[in-house]
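Here the structure is laid out as structure tokens; the discussion comes afterwards.
Residue numbers (the working numbering): 98 to 536.
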């Protein structure tokens, strides 16, 4: 059954003038247009020079049918995964496209990809805000060009299509060229925000893509000899997609989506566990509370999207200055928290100073509400430092001490690090009662 949301997606796809395509960067539109033109030209050349047999046509229909059956079986999972994707989405089409790339003439492979993506777009992705027709076309084009590269690799190797050499060469070419085409498209979509991870994906992303290629290689090995056995991959594919969905749900539940740091609840839970560990081992840890100075002025001057870019920049900076075992999170607004495992007061203050200094040197290139390029720099932060067990026996007590230190820094000039024992000296310098400084 198709929902009203999906019907709305089908209707909007028919109105070309409303496509989000025209809002994309000009370089991305040019790259995508060139890719589509190249794909169509190559398909035409292959159609004119390579003959097609009836058995190949039947095989194309078989692969398309298997892909459609798999899509229908996992439609709800795919739709949920796609709706939650905040990074480049990896679907399971490689499982069916890779065998087609090797066993079919390239022009039939292009037809196979077209059928698969049309069905995915209509049945699984219709009505989703994160999916637009131009993105589906771009993804289908990249997949078709990737399949052409895998076919070319087999031609270069010169071995039988069912041989181990051909399957390995095709799988490697498919994986690498898919990364190249996808990464290039992502670069042109947002060149100023491009990093190695945003272009090539995380280790988990690449492992997932490699897994689908491996399953596709198994289908390629089995399909010419025992086609019925291909049905055995349906259950592993279903479980693979389901496990990826569960992981995405876990990430959404534990991660602040704006900064990709831990959210407040998850950070608190991790901090409570660290208290228990420190008590058992008679250990210690440091806690930092980082508050960006005058952050509201950024939102008021440049807009909230520019403010978001600043938050993302600070989050990345905090991650780079902390260790894997440390807990870095966002408490909300412009407040960040860090738990430094097995760290003394002196070590925690040193880390806080490095973070404060790097924030003051940070340069964020972004856009204001009118789309004008702006550079945000010379920002500052006030950092409060507290340690367990010196400043508290529970995480709430430790964080209350760190929070008091932040307010002491704010009241006395901002852009400074204050640790709990420093409160007395801050009060003395300011000529204020200690309670007034810590309030």
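Just so you know, even glycine gets a beta-carbon here, dropped at the ideal spot from N, CA and C.
Keep in mind that this is a model prediction, so the values were computed, not measured.
Proximity to residue 288 across 121, 490 and 515 peaks at 121, based on C-alpha coordinates. Setting aside the 5 residues that flank it on each side, residue 144 is surrounded in the same chain by 204, each with a C-beta closer than 7 Å to its C-beta; the list follows chain order. Cα atoms of residue 397 and residue 428: separation of roughly 21 Å, rounded to the nearest angstrom.
Straight-line measurement puts the Cα of residue 481 at about 5 Å from the Cα of residue 515.
Under DSSP, residue 117 forms no beta bridge with any residue. Boundaries for residue 153: no beta strand (DSSP E) harbours it, while the alpha helix (DSSP H) harbouring it runs 151-170, taken from the DSSP string. The criterion of a C-beta distance shorter than 8 Å is satisfied by residue 387 and residue 452. Counting of Cβ neighbours within 10 angstroms places residue 248 among the buried residues, the total reaching 16 or more. Straight through space, the alpha carbons of residue 421 and residue 389 are spaced by roughly 23 Å. The alpha carbon of residue 167 has as its nearest neighbour, out of 333, 118, 306 and 308, the alpha carbon of 333. In the DSSP assignment, residue 484 falls within the unbroken beta strand (DSSP E) covering 478-485.
For residue 164, the closest of 277, 275 and 211 by C-alpha to C-alpha distance is 211. Counting only unbroken stretches of 4 or more residues, the alpha helix (DSSP H) elements lying wholly within the segment 378-455 are 392-399 and 401-417, in sequence order. Ranked by Cα distance from residue 218, the first of 464, 202, 236 and 503 is 236. Here the C-alpha atom of residue 406 lies approximately 51 Å from the C-alpha atom of residue 147. Taking C-alpha positions only, residue 473 is separated from residue 283 by approximately 24 Å.
Ranking 155, 378, 272 and 424 by CA distance to the CA of residue 209 puts 155 first. When the alpha-carbon of residue 274 is set against those of 239, 359 and 260, the nearest one is in 239. Non-local beta-carbon contacts of residue 300 in its own chain, meaning distances under 8 Å to residues more than five positions away in sequence, are absent. Contact annotation: the segment 436-448 touches the segment 411-425, with at least three C-beta pairs closer than 8 Å. For the pair residue 491 and residue 512, the Cα-to-Cα distance works out to about 28 Å.
Shortest Cα-Cα distance from residue 178 to any of 365, 343, 233 and 359 involves 343. A straight line joining the alpha-carbon of residue 408 with that of residue 131 spans about 36 Å. Judged by DSSP secondary structure, residue 199 falls within the alpha helix (DSSP H) whose first and last residues are 191-200.
In the three-state scheme derived from DSSP, where H, G and I count as helix and E and B as strand, residue 464 is classed as strand.
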